[in-house]
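One structure below.
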């Protein structure tokens, strides 16, 4: 900012002053620019330090690095007393950011890409080539950078991310809709159940490892959901032993109402595996069943061994389309991260569901459907532990590198 002031001829001391103690820039006409720290603070988790501000305009630079809650609180301080010489000044909010998979992707890029950006928001995609004042050397350095950096900073691609803890390759996630696999004839119905008026209620039908049907509803009681599951099972001739519902919370009621179906408890102990040296069943090296299933899902997705080929899509949500649902599914899978707990635990784990909900702004209902489908794979296939490498898990005798350690307390 001070560089820009110098370029346009503003002189420190005569045109403006800078209070380094309070981080305030003051102009001769009485205008002030407040330089605020947006970092999260354990001493101020609710950002009460912004509570007394009365702002005309606000600009969040690198907002992708700022907590979404802090941005939301700061927005409430804009436009409360916007009168200048008796005239109302329209409040203005600006965010600038580089491509990122966090709240800027959810609030700006994704709605813009899908054509559903609210009318009170605008997204302006600015690339390095749009700035005629950038040095040529900067552009050349970007062209020589790694693929992720090039995609993000040179081409403005929001769909690439460099997080090393991401379980699934983004290109492999996109390939789910075009993969050709031998799906098999076994059918399964996997259900993620939400409370009345809560998260989405998602029913996913599979032929083998191919997702062939989706039912997405909200605002309905458990009796309605139970009937939908029963009717879909009858229509698709799915045996009750191939029906699995999330048993946490109200999902347990569905399992109780449909005797013979199975329940999924993500926080329960992982399935035991066979020690190839002794032939005995031993504890799997995962924090819980949910983590075990997500790691297996990642192997299949990255190996192009799963597919999506929807033959039907049903929803009671107005305006919610099949394309939107599949876009949400891809976004959710891309937010499944392993926990980096190096030196604290050797158990593999994915981040808690609450963390994913905070990053996405919603529950990862579609990703959970694919994750729960893995229970049948793990129960029906060889799961072998290589004795000489206690951190390496071999699934179906296909070796994969050891992911980061994990916290066994995660749910």
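Residue numbers (the working numbering): 1 to 411. C-beta atoms are modelled at their ideal positions from N, C-alpha and C, and glycine is treated no differently. Since the structure is predicted, the reported quantities are computational estimates derived from the model, not experimental observations.
Listed as beta-bridge partners of residue 83 by DSSP are 88. Per DSSP, reduced to three states, the secondary structure at residue 333 is helical. At least 8 Å separates the beta-carbon of residue 127 from that of residue 142. Within the DSSP secondary-structure output, residue 210 pairs in a beta bridge with 207 and 307.
Burial state of residue 363 is buried, judged by a 10 Å Cβ sphere holding 16 or more other Cβ atoms. Counted as a single uninterrupted DSSP element, the alpha helix (DSSP H) harbouring residue 301 occupies residues 289-302.
Under the DSSP assignment, residue 244 falls in the beta strand (DSSP E) whose first and last residues are 243-246. The Cβ-Cβ distance between residue 228 and residue 203 falls below 8 Å. Judged by their CB atoms, residue 191 and residue 246 are nearer to each other than the 8 Å cut-off. Bounds of the beta strand (DSSP E) holding residue 61 are 57-61. Residue pairing from DSSP places residue 19 in a beta bridge opposite 24.
Under the DSSP assignment, residue 262 falls outside any alpha helix (DSSP H), being part of the beta strand (DSSP E) whose first and last residues are 262-264. In the structure shown, residue 116 falls within a coil segment according to DSSP collapsed to helix, strand and coil. For residue 141, the enclosing alpha helix (DSSP H) stretches over residues 136-143.
Restricting attention to 178, 91, 38 and 211, the CA atom closest to the CA of residue 120 is found in 91.
Exclusion of the five residues before and after residue 354 leaves no residue of its chain whose Cβ lies closer than 6 Å to its Cβ. Residue 332 and residue 208 have their C-alpha atoms spaced approximately 22 Å apart. For the options 193, 313, 226 and 59, the alpha carbon positioned closest to that of residue 265 is the one of 193. When rounded, the separation of the alpha-carbon atoms in residue 338 and residue 352 is 10 Å. Under the 10 Å beta carbon count, residue 99 is surrounded by 16 or more other beta carbons and is classified as buried. Residue 213 and residue 307 have their C-alpha atoms roughly 12 Å apart. Residue 183 is not a Cβ neighbour of residue 302, given a cutoff of 8 Å. For residue 103, same chain residues with a beta-carbon under 6 Å away, outside a window of 5 residues either side, are 68 in chain order. Under the three-state reduction of DSSP, residue 236 is assigned to helix. Annotation for residue 255: 245, 247, 261, 262 and 263 place their beta carbon closer than 8 Å to its own, counting only its chain and skipping 5 residues before and after. For residue 359, the enclosing alpha helix (DSSP H) begins and ends at 353-360.
Scanning 278, 359 and 294 for the CA closest to the CA of residue 271 turns up 294. With contact defined as three or more Cβ pairs closer than 8 Å, the region 7-22 and the region 40-48 are not in contact. Residue 242 is positioned such that its CB atom lies no closer than 8 Å to that of residue 285. Only residues of its own chain outside the window of five on either side were considered, and among them 172, 175 and 179 have a CB closer than 7 Å to the CB of residue 304, listed in chain order. With contacts defined as CB atoms closer than 8 Å, residue 24 and residue 34 qualify as a contacting pair. No Cβ-Cβ contact shorter than 8 Å links residue 211 with residue 336. In the three-state reduction of the DSSP assignment, residue 101 falls in the coil class.
Judged by DSSP in its simplified three-state form, residue 177 adopts helix. Contact between residue 54 and residue 26 does not hold, since the beta-carbon distance rounds to 16 Å and is not under 8 Å. Looking at 5, 222 and 290, the one whose alpha-carbon comes closest to that of residue 258 is 222.
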